[in-house]
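Here the sequence shown stands for residues -9 to 93, numbered as in the working numbering.
Single-structure report; data block below.
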Amino acid sequence: MNRDDATKQFHGGDDAFAELIDESQPVELPTPDSDVPMVSRSVRLPLETYERVRAAAEARGIGVTTLMRQWIEAGLADLDDSATVSLADVRRALASLSRPTAA
């Protein structure tokens, strides 16, 4: 059934649409990545910014919203001086200390 037919059946109010839903196969929903209740908010970003965030998330092997949540949490931690840093950042900082600097 295409979208237009489904819309007509839905607005027509007959039982055919309900029967179509009842006959459909169960769908596996994604498992939330947290047990903490979440609030969904919409954020408008320039396309270029979103593409950069998406690429950064992909490089880390995580979802865009997970990465954005991590960045927001890190920014908030920085505001109250309880900042956390990733282990990768610590390793990079330590590695840079062990390299001799060019004079």
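Glycine included, C-beta positions come from ideal geometry on N, C-alpha and C.
If you draw a straight line from the alpha carbon of residue i to that of residue j, how long is it in whole angstroms?
i: A67; j: H1; result: 49 Å
i: Y40; j: P27; result: 25 Å
i: A78; j: R50; result: 11 Å
i: E18; j: A85; result: 44 Å
i: S76; j: T21; result: 25 Å
i: W61; j: D5; result: 47 Å
So, does the CB of residue i fall closer than 8 Å to a CB anywhere in chain B?
i: T74; result: This model lacks chain B altogether, as it is built from one protein chain only.
Can residue i and residue j be called in contact, C-beta distance under 8 Å?
i: L37; j: A47; result: no
i: V54; j: R44; result: yes
i: T74; j: A83; result: no
Kindly provide the ranges of any alpha helix (DSSP H) runs that are 4 or more residues long and lie completely inside the segment 26 to 92, ordered along the chain. Whole alpha helix (DSSP H) segments, 4+ residues: 37 to 50, 54 to 69 and 77 to 88.
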